[in-house]
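In this text, residue positions in the sequence shown follow my numbering: the first is 205, and each later residue adds one.
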Amino acid sequence: MRRYTRVARAGVNKDAPFGSVSTPIFQTAIFEHQRPLQEGSDPYAYTRVGNPTRTALERTLAELEGGFQGFAFSSGMAAISAVLRLFRPGDHLILTEGLYGHTYTLVKFLLEPAGLLTSFVDTTSPEAVRAAWTDKTRAIFAEVPTNPLLRVADLAALSEIAKENRGLLIVDATFLTPWTVQPLKLGVDIVIHSATKYLAGHNDTMAGAVVVKSPSLAEELSFIQIMTGGILSPQDAWLTLRGIKTLGLRMDRAQSNAQRLAEWLQAHPKVTEVHYPGLPDHPHHEVMKRQASGFGAMISFGVATVEQARAVLNGTELIILAESMGGTETLMTYPWTLTHGSVPEEERRRGLHERLIRLAVGIEDWEDLAEDLDRALQKA
Ligand SMILES: *Cc1c(COP(=O)(O)O)cnc(C)c1O
């Protein structure tokens, strides 16, 4: 199947007894055992362990990523936390500097006290990653692209380093989705998504996704998913499947809107910097062209003063001041205090500054978004 067909048919059901075209929501905690009782004969017994609606989503996720097995969690953080359970006290991880705020907080304040060793490095520099590798290093955990500056690691280069050292490469690719990049095909071992964002796609559902490449990782993760229990509910699995059906259309539209807005912002007299990998002068434009089919729909831009930044954030009517991304509507946030507020200032200052605004571009008419931003910028 080609790519639009693949997403359009996500969760289109073929084996329900009544021929329902949409996967049914199996809103049940338990399933009756089949008789006579034989060990392993029941496909489903208890929803934490398995539920047909969740299975439909997990198969879809594996298919979209070209992976061996998919796992659906109750949130992106539940997915990340499950993946990080693969490691033991004394194991060392190399992580992207400027990770998603709560991932950083989870690692720093829950996992480090439990004995995990870490180095936060610029994962867009293979040399920096190589230099950080120790004999205790078990994995690289990279976010692609980084937030909010949208720096893009070369996944094939990172994979080479991981393989040379017999470690794993784990990538949080929430910002790009399998529509735009398929990390497993570039040598990544585990891909993670906050499916709350583009996959579910409507800012109405929390969900997380993990897809792994190998049967042995699948076995380990399946055990962790069942024993830690952060599974996605049948209802939310269904909503995520429904979202995925239009993933291609939404991503294409949001990415083309983002490209136009980034170019428009770059030409605006009040804008001092624009970060968008689709711009030819972005430092990782070529890397992105090589490994992805698009450039995503996240943009960051700067203005001259903090006061101006605040005026823009307070001045739009159409664009909503809210965190997150991936819904139909365009959102704007202030990374300094909102998305990265939980990161200590000294760490924060390495990746961003107070005059930066982040846009999560939606699927509206880009001209309406530009006019809205222009009004806010004029007043600033
Ligand atoms: C939102 C987000 C998460 C966390 O996902 P939740 O669904 O909010 O738990 C993790 N990583 C990235 C890059 C995100 O944007």
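Glycine included, every Cβ here is placed at the ideal spot set by N, Cα and C.
For Phe-427, the three-state secondary structure derived from DSSP is helix. Counting every other CB atom within 10 Å of its CB across the protein chains shown gives Ile-365 a total of 16 or more, marking it as buried. Our two residues, Glu-347 and Pro-228, have alpha carbons roughly 34 angstroms apart in a direct line. About 26 angstroms separates the beta carbons of His-488 and Arg-342, which is beyond the 8 angstroms limit, so they are not a contact pair.
Contiguous alpha helix (DSSP H) elements confined to the stretch 436-513 occur at 438-449, 451-470 and 489-495, taking only those with 4 or more residues. In the same chain as Leu-517, and ignoring 5 residues on each side of it, the C-beta atoms closer than 7 angstroms to its own belong to Leu-525, Met-536, Tyr-538 and Ile-561, in chain order. By the criterion of at least three beta-carbon pairs nearer than 8 angstroms, the stretch 443-457 is in contact with the stretch 398-417.
Excluding sequence positions up to five before and after Leu-372, its CB lies within less than 7 angstroms of the CB of Arg-342, Ala-343, Ala-366, Asp-393 and Ile-394, all in the same chain and listed in chain order. In terms of CA proximity to Arg-210, Trp-383 leads the group Thr-409, Asn-351 and Trp-383.
With a 10 Å radius around the Cβ and a threshold of 16 neighbouring Cβ atoms, Gly-566 comes out buried. Using a Cβ-Cβ distance cut-off of 8 angstroms, the stretch 291-307 and the stretch 540-551 are in contact, since at least three pairs of beta carbons, one from each stretch, lie closer than that value. At a cut-off of 4 residues, the continuous stretches assigned as alpha helix (DSSP H) that sit fully inside the stretch 300-344 are 305-310 and 330-336. Note that the stretch 306-326 does not touch the stretch 260-274; fewer than 3 beta-carbon pairs, one per stretch, sit closer than 8 angstroms. Taking a C-beta distance under 8 angstroms as the contact criterion, Leu-268 and Asp-295 do not qualify as a contact pair.
Here Ala-276 really is in contact with Ile-435; their C-beta atoms are around 7 angstroms apart, less than 8 angstroms. Look at Phe-313: its beta carbon is at least 7 angstroms from all of the heavy atoms in ligand 1.
Under the rule that a run must span 3 or more residues, the beta strand (DSSP E) segments found entirely inside the stretch 380-423 read 394-398 and 412-416. Per the DSSP secondary-structure output, Gly-274 pairs in a beta bridge with Val-415. Thr-400 has its alpha-carbon roughly 21 angstroms from the corresponding atom of Ser-226.
Cβ atoms of Ala-584 and Gly-519 come within 8 angstroms of each other, at about 7 angstroms.
Taking one beta carbon from each stretch, the stretch 284-292 and the stretch 412-432 have 3 or more pairs nearer than 8 angstroms; the two touch. Excluding five sequence positions before and after Met-529, the CB atoms of its chain that fall closer than 8 angstroms to its own CB belong to Phe-379, Lys-401, Tyr-402, Ala-501, Met-502, Leu-535 and Ala-564, given in chain order.
The C-beta of Ile-430 has fewer than 16 other C-beta atoms within 10 Å across all chains shown, which makes the residue exposed. When DSSP states are grouped into helix, strand and coil, Arg-554 belongs to the helix group. Distance from the CA of Glu-477 to the CA of Ile-374, rounded to the nearest whole angstrom, comes to 30 angstroms. By the neighbour-count definition (other C-beta atoms within 10 Å, threshold 16), Met-205 is an exposed residue.
The Cβ neighbour count for Tyr-250, taken over all protein chains shown within 10 Å, is under 16; the residue is labelled exposed. Counting along the chain, the unbroken beta strand (DSSP E) around Val-375 starts and ends at 372-376.
Here DSSP, grouped into helix, strand and coil, assigns Thr-232 to coil. Taken from the Cβ of Ser-504, every heavy atom of ligand 1 lies 7 angstroms or farther away. Here the distance from the Cβ of Ser-398 to the nearest heavy atom of ligand 1 is below 7 angstroms.
Distance from the CA of Ile-298 to the CA of Arg-334, rounded to the nearest whole angstrom, comes to 10 angstroms. DSSP, read as helix, strand or coil, puts Leu-288 in helix. Beta-bridge annotation (DSSP): Leu-525 is paired with Met-536.
Taking the C-beta atoms as reference points, Leu-465 is found nearer than 8 angstroms to Ala-574.
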